[in-house]
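Colleague: Dumping the structure here so I can ask a few things about it.
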Amino acid sequence: MTVEPTVAPGSELHERILNTIRFLAVDAVERANSGHPGTPMALAGPAFEIFDNHLRFDPSDPDWPLRDRFVLSAGHASMLQYALLHLFGYDLPLEELVNFRQLGSRTAGHPEYGHTPGVEVTTGPLGQGIAHAVGMALAHRMTRSQFGAGDASEGGPGHQLVYGIAGDGDLMEGVSSEACSLAGHLGLGNLIFLYDDNQITIDGRTNLSFSEDVVGRFEAQRWHVQSVDGLDLPGLRAALVAAREAPDRPSLVVMRTTIGFGSPNKADTSAAHGAPLGAEEVKLTKQALGWPLEPAFLVPDDVRAYGERRAAEKRAEREAADAAHSRWSAAHAERAAA
C-alpha cells in the first residue's frame, strides 16, 4: 500500500500551509494571553499529514458513522486541532479561532466533545485521551466482529481507524500505561498513535522526572513501534502506511520534535510550552519563518483554496464509502438489520 501526498512536502504551498497552522496557533494564544503555542508549532507537519493523507472524514457531517477518529490526547495543544478543523472546512469560522479561550467561543482551552465540530472526545487531563482512543478502537473492532464485516474493501462496518497524538506527559500517566497494555493484549491494529517526543515539560526538560525507555515499554506491551524525525514527513507517511499494514498490533510512531519550532529564543525550551511567546518573539519567529507580520490570523488565499478543495475531495471519498457500505448491506441484509 502507498499513499501519494496531495501537496508535495517542502513545496512552497506545503510550507505556507504548515506556517498557517503554526501562526494561527501563535496568534490565538497571543491574543488570549493564555495557552500552549509550542506544540502546535512543532506538530503542524505531522498533524497536517494525518488529516490530509490518512484520516477519512466529511467536514460537512462531523458525525458521519464511517469516519475515522482523531484524538488529541495532548489536549493543551488544542489550537493545533482547531486550525486544522478550520482549514479543512468544518463549521469553525476564523472568528472562533480569534476568540480562542474566550467565554462563549467554540474554541475552549482544551478540546471539548459536543462543543466544537470535529472534536471526538474531551481531552485535557493527560493520558485520558489515549484511554478513550483505545475504547474507540475496541468498539470498532467489536462492531466488525459482530457484523461479520470481513475485509475493509467490502464496505462493511467497523473498519474505522483511530489516530491520536500523545506527548511526554500523556505517557507519564498511569491511565495511559494501563490502556496501552490492554490495546496490545487485544491486538487493536486499528489504533495508531504519534508520540510527540519533544523532551520538554512545562517545568523544564523531561529528564527531571522521566527516563523511561518508551520504545522498550511499548514493544513489551505488544505494540508495533517505529521512530521517525518529526520533520521527515515522507518518512512519517511511510510509517503511517506501515502501521496500517500491521493489522494485529496497535502502532506507535515515535517522533523527535522541537517544541516552539521556528522561535529564535524559545524553541526547545519550556518557555514555549504553556505561555504566549510575547509580541517581540512572535515578530522574530514570523521573520525567521518568512511569514508576514500583519495581519494576525492570516490564511493565504492559496491555503484557503487548498483546504476547500480537499474538503470537497473528502466528501467525495465519503460518498464512495457510503456506496460501498450500501452494497455490503444489500448483500448481507440479515446482518445489516441486526
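According to the working numbering, the residues represented by the sequence shown are 5 to 342, in order. The C-beta atom is built at its ideal place from N, Cα and C for all residues, glycine as well. Given the structure is predicted, the values throughout are model-derived calculations rather than measurements.
#1: To the nearest angstrom, how far is it from the Cα of threonine 262 to the Cα of serine 231?
#2: Can you give the Cα-Cα distance for glutamate 100 and histidine 336, rounded to whole angstroms?
#3: For glutamate 116, which residues from the same chain have a beta carbon less than 7 Å from its beta carbon, with the 5 sequence-adjacent residues on both sides left out?
#4: Nearest-angstrom Cα distance between glycine 173 and serine 333?
#5: Can you give the beta carbon distance from proline 44 to arginine 20, rounded, assuming they're within the 8 Å contact cut?
#6: Work out the CA separation of arginine 308 and aspartate 207 for me, nearest whole Å.
#7: Just tell me which of Met83, Val166, Leu98, Ala81 has its CA closest to the CA of arginine 71.
#8: Using alpha carbons as the reference points, say which of Arg209, His114, Arg322 lies closest to glycine 128.
#9: Got a sec, what are the start and stop residues for the beta strand (DSSP E) glutamine 230 sits in?
#10: Considering only C-alpha positions, which residue in the set Ala243, Gly159, Ser157 is nearest to phenylalanine 197?
#11: Just to confirm, is the Cβ distance from valine 303 to threonine 120 under 8 Å?
#12: Identify which residue in Leu237, Asn211, Ala276 has its Cα closest to the Cα of valine 258.
#13: What distance in whole Å lies between the Cβ atoms of tyrosine 199 and leucine 175, which are believed to be in contact at a cut-off of 8 Å?
#14: Threshold first: 3 residues or longer. Then list the beta strand (DSSP E) segments lying entirely within the stretch 53-94, N to C.
#15: Can you tell me where the beta strand (DSSP E) with valine 257 in it begins and where it stops?
#16: Output the residue ranges of the alpha helix (DSSP H) runs that lie fully inside the stretch 259-317 and measure 4 residues or longer, sorted by chain position.
#17: For phenylalanine 214, which three-state DSSP category applies?
#18: Classify glycine 220 as buried or exposed, calling it buried when 16 or more other Cβ atoms lie within 10 Å of its own Cβ.
#19: Please state whether DSSP places valine 11 in a helix, a strand or coil.
#20: Taking only heavy atoms of the ligand SAH into account, decide whether any of them is closer than 7 Å to the Cβ of glutamate 338.
#21: CA-CA distance, alanine 246 and proline 254?
#22: Report, in whole angstroms, the separation of the C-beta atoms of lysine 318 and phenylalanine 61, which I expect to be a contact under 8 Å.
#23: Between which two residues does the beta strand (DSSP E) holding phenylalanine 104 run?
#24: Any idea if serine 267 is buried or exposed, counting beta-carbon neighbours within 10 angstroms, 16 or more meaning buried?
#25: Would you decide whether alanine 224 is buried or exposed? Buried here means 16 or more other CB atoms lie within 10 Å of its CB.
#26: Assuming glycine 133 contacts glycine 168 under a Cβ cut-off of 8 Å, what Cβ separation, rounded to an integer in Å, is found between them?
#27: Can you list, in chain order, the stretches of the beta strand (DSSP E) that have 3 or more residues and sit fully within the stretch 136-184?
Modeller: In brief:
#1: 15 Å
#2: 44 Å
#3: Val123, Thr126
#4: 43 Å
#5: So it is not a contact: roughly 16 Å between Cβ atoms.
#6: 37 Å
#7: Val166
#8: His114
#9: 228-233
#10: Ala243
#11: no
#12: Leu237
#13: 7 Å
#14: 73-76
#15: 255-260
#16: 283-292
#17: coil
#18: exposed
#19: coil
#20: The ligand SAH is not part of this structure, which contains no ligands at all.
#21: 11 Å
#22: 6 Å
#23: Here phenylalanine 104 belongs to no beta strand (DSSP E), and DSSP marks it neither H nor E.
#24: buried
#25: exposed
#26: 6 Å
#27: 166-171
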